[in-house]
Amino acid sequence: MAGVRFTFTSLKSSDARLGQIISVWENTELSMRTPNSFLYTRYGSVPFLPADIYESIELLPTFAFFPMFYIAEKKSVLKKFKHGVGKFCGLGNKHVFLFQTDPVDPAPVSAADRISVPVWATGGRIQLSIQDYAQCTILAAPQAFQAPTDNETGLSASASIGRKRCTKSAVRTGGYLEKTLEIRRQSADLKRIPMFVSIAGGNDLECRLGSIQHTDFSVASGVVLDGFCDNSLEDKDRSPSDDEVKKESKLNLLPSFFELLPTICKNLPSHLPRFLTGVWKPSEIAAAVQCGIDLFDGSLPYRLTRSGIGWIYSGWDIEAKSACDEPYHPHSQPPFLLFPLEESVHLSQEDVYTTPLQPGCECFACKHHTRGYISHLHIVKEMLAPMLLMIHNSHQYYRFLEDLRRSAEVGQIERFTKFAERWEFPPEVLAVDKTNESKSFMNSSADGNISDLL
1 MAGVRFTFTS
11 LKSSDARLGQ
21 IISVWENTEL
31 SMRTPNSFLY
41 TRYGSVPFLP
51 ADIYESIELL
61 PTFAFFPMFY
71 IAEKKSVLKK
81 FKHGVGKFCG
91 LGNKHVFLFQ
101 TDPVDPAPVS
111 AADRISVPVW
121 ATGGRIQLSI
131 QDYAQCTILA
141 APQAFQAPTD
151 NETGLSASAS
161 IGRKRCTKSA
171 VRTGGYLEKT
181 LEIRRQSADL
191 KRIPMFVSIA
201 GGNDLECRLG
211 SIQHTDFSVA
221 SGVVLDGFCD
231 NSLEDKDRSP
241 SDDEVKKESK
251 LNLLPSFFEL
261 LPTICKNLPS
271 HLPRFLTGVW
281 KPSEIAAAVQ
291 CGIDLFDGSL
301 PYRLTRSGIG
311 WIYSGWDIEA
321 KSACDEPYHP
331 HSQPPFLLFP
341 LEESVHLSQE
351 DVYTTPLQPG
361 CECFACKHHT
371 RGYISHLHIV
381 KEMLAPMLLM
391 IHNSHQYYRF
401 LEDLRRSAEV
411 GQIERFTKFA
421 ERWEFPPEVL
431 AVDKTNESKS
441 FMNSSADGNI
451 SDLL
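One point on numbering: in full-length UniProt numbering, the residue at position 389 of the sequence shown is 389, and numbering is uninterrupted.
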């Protein structure tokens with residue numbers, strides 16, 4: 001009997017939830033402590049790393065994040081393979097959780113409508129009807145999947161949307177769920193796969209609460225909070241034009257999603273795990289956990305690695321009296337290094353060919369290689385460069401999550417959130433892909449119904 005269930009271990013400070021997610025599928029049962037992240041995968045694997053390497057990383061998550069675009073692209077192959085995407089991609093004993101959108105590559109334009117949702121693949125947009133979405137899910141045979149949603153209220157171009165668009169998002173998502181439930185009643189293959197329901201409504205609290213009120217949680221194994229817009233990305237230094245001022249007044253610009261999260265989480269069923277999309281910064285992860293979120297996408301190591309960033313995470317000292325007492329020395333230990341080192345403003349005068357990426361780190365990259373060697377690999381564009389950075393960044397990311405859980409256990413998550421604010425990675429640096437691995441989107445001939453190919 002397949003299923004996903006969530007159990008509390010304790011509720012220590014503010015609304016932070018300590019618990020455990022248990023996934024049962026056929027003859028296997030896996031569990032993972034929360035708050036935590038998924039193991040982020042892209043194109044069917046962990047970016048830059050073969051399975052034998054990433055399996056050696058400590059504190060690796062048990063459940064893998066998998067985006068729907070890969071299934072839509074590989075549907076004909078998966079149909080012939082017949083054993084699901086986990087075995088197809090060699091993910092071993094990991095349980096696959098299938099989600100609609102890749103968090104690293106947001107949609108460039110709006111394309112959702114009343115009867116279908118877009119997924120953005122390497123060749124461009126693939127428009128999936130709800131029937132197509134269900135068929136792709138069946139072919140993937142994941143251990144859980146996200147019900148389709150209109151999450152385009154989270155596009156950067158949507159920062160100025162008003163209540164009308166947020167309402168449309170909630171109504172469409174409710175319609176998608178009704179259609180999905182209708183298909184589940186008729187399909188034993190889809191019915192056996194646990195479903196995470198989607199809560200829509202953009203940054204409008206009334207729309208979010210309405211979406212919650214009209215969602216049937218009795219059919220859900222979890223909740224996905226999708227489609228929030230990060231208003232902090234707006235250019236606050238730019239003076240708006242007269243037209244923009246009028247438009248802003250007309251639309252009544254909506255609040256930051258962190259102002260909404262506490263109320264939204266209080267209205268969600270407590271027995272279901274909560275996954276928040278689009279949040280990956282360390283301080284925001286900690287703040288979201290304070291609001292009652294359990295799961296994140298796990299994309300931060302990849303985001304840092306593709307931009308040549310090595311995260312210098314010092315670790316959290318539970319004995320420190322305040323966040324200011326944590327072991328942090330800005331002159332000797334910068335918050336991150338940017339590779340190649342010649343481009344980094346944080347380069348110190350140390351001998352880079354004898355110093356590991358982070359002194360004291362126990363990851364494979366730091367035990368066997370130096371800053372100078374990793375910098376050289378980036379200069380000559382060796383594929384080993386992102387591999388070593390990904391190993392290190394993943395190691396530090398899972399250490400961070402372990403410290404986050406520990407801070408919640410001892411009732412000090414507020415202090416930990418202040419501590420995590422040290423690691424703010426510059427957006428202009430993260431916007432650069434030094435691996436040339438990212439997708440470039442376009443509207444392609446892949447648009448339209450794909451039922452005939454399924």
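For every residue, glycine included, the Cβ atom is placed at its ideal position computed from N, Cα and C. Here the structure is a predicted model, which means the values were calculated and not measured.
| Query | Result |
| --- | --- |
| To the nearest angstrom, how far is the alpha carbon of residue 25 from that of residue 3? | 7 Å |
| Going by C-alpha to C-alpha distance, which of 292, 257, 52 and 144 sits closest to residue 268? | 292 |
| Mapping the DSSP letters down to three states, classify residue 29 as helix, strand or coil. | strand |
| Any idea if residue 109 is buried or exposed, counting beta-carbon neighbours within 10 angstroms, 16 or more meaning buried? | exposed |
| What do you reckon, are the CB atoms on residue 176 and residue 142 nearer than 8 Å? | no |
| Quick check: what's the CA-CA separation for residue 402 versus residue 7? | 18 Å |
| Leaving out five residues on either side along the sequence, give the residues of the same chain with a beta carbon under 6 Å from the beta carbon of residue 112. | 150 and 152 |
| Could you check whether the region 224 to 231 touches the region 275 to 283, counting it as contact only if at least three pairs of C-beta atoms, one from each stretch, sit closer than 8 Å? | yes |
| Out of 174, 373, 363 and 336, point me to the one whose CA is closest to residue 351's CA. | 373 |
| Kindly indicate which three-state DSSP category residue 386 falls into: helix, strand or coil? | helix |
| If I follow the unbroken alpha helix (DSSP H) through residue 140, where does it start and stop? | 130 to 140 |
| My output table needs one value for residue 235: the three-state DSSP class, helix, strand or coil. | Low local confidence applies: a pLDDT of 44 at residue 235 is under 50, so the model's placement there is unreliable, and no value is given. |
| In the DSSP assignment, find the alpha helix (DSSP H) that holds residue 377 and state where it starts and stops. | 371 to 379 |
| Are the Cβ atoms of residue 69 and residue 146 separated by less than 8 Å? | no |
| Residues bridged to residue 5 by DSSP? | 22 |
| Drop a sphere of 10 angstroms on the beta-carbon of residue 436, count the other beta-carbons inside from all chains shown, and report buried for 16 or more, exposed for fewer. | exposed |
| Pick out whichever of 116, 36, 90 and 124 has its Cα sitting closest to the Cα of residue 44. | 90 |
| Between residue 247 and residue 304, what straight-line distance do the alpha-carbon atoms span, to the nearest angstrom? | Note that residue 247 has pLDDT 44, beneath the 50 cutoff, so the model's placement of it is unreliable and no number is given. |
| Below 8 Å, how does it come out for the region 52 to 62 and the region 305 to 316: are there three or more Cβ pairs, yes or no? | no |
| Just the Cα atoms here: how many angstroms apart are residue 266 and residue 190? | 30 Å |
| Excluding the 5 residues preceding and the 5 following residue 208 in the sequence, name in chain order all residues of the same chain whose CB lies nearer than 7 Å to its CB. | 199, 201, 260 and 264 |
| Could you please give the first and the last residue of the uninterrupted alpha helix (DSSP H) stretch that includes residue 116? | Where residue 116 is concerned, there is no enclosing alpha helix (DSSP H), although the beta strand (DSSP E) it sits in stretches over 116 to 121. |
| Which two residues bound the contiguous alpha helix (DSSP H) that contains residue 76? | 75 to 81 |
| By DSSP, does residue 43 sit in helix, in strand, or in coil? | coil |
| Can you give the Cα-Cα distance for residue 427 and residue 144, rounded to whole angstroms? | 32 Å |
| Report the partner residues of residue 34 according to the DSSP bridge assignment. | 19 |
| Of all the options 40, 80 and 9, which has the alpha carbon lying nearest to the alpha carbon of residue 394? | 40 |
| Give the DSSP bridge partners of residue 222, in chain order. | 196 |
| Just to confirm the assignment, what range does the alpha helix (DSSP H) spanning residue 368 have? | 364 to 368 |
| For residue 333, which residues in the same chain have their Cβ closer than 7 Å to its Cβ, ignoring the five residues on either side in sequence? | 312 and 314 |
| For the region 277 to 318, which segments carrying the alpha helix (DSSP H) assignment without a break, of at least 4 residues, lie completely within its bounds, in sequence order? | 282 to 291 and 300 to 306 |
| Quick check on the burial criterion: 16 or more other C-beta atoms within 10 angstroms. Buried or exposed for residue 79? | exposed |
| I need the DSSP call for residue 338, collapsed to helix, strand or coil. | strand |
| Hey, residue 31 and residue 21 are a contact pair by Cβ (cut 8 Å); roughly how many whole angstroms apart? | 7 Å |
| Just verifying my parser: in three-state terms, what is the DSSP assignment at residue 95? | strand |
| Taking just the CA atoms, how far does residue 336 sit from residue 376? | 17 Å |
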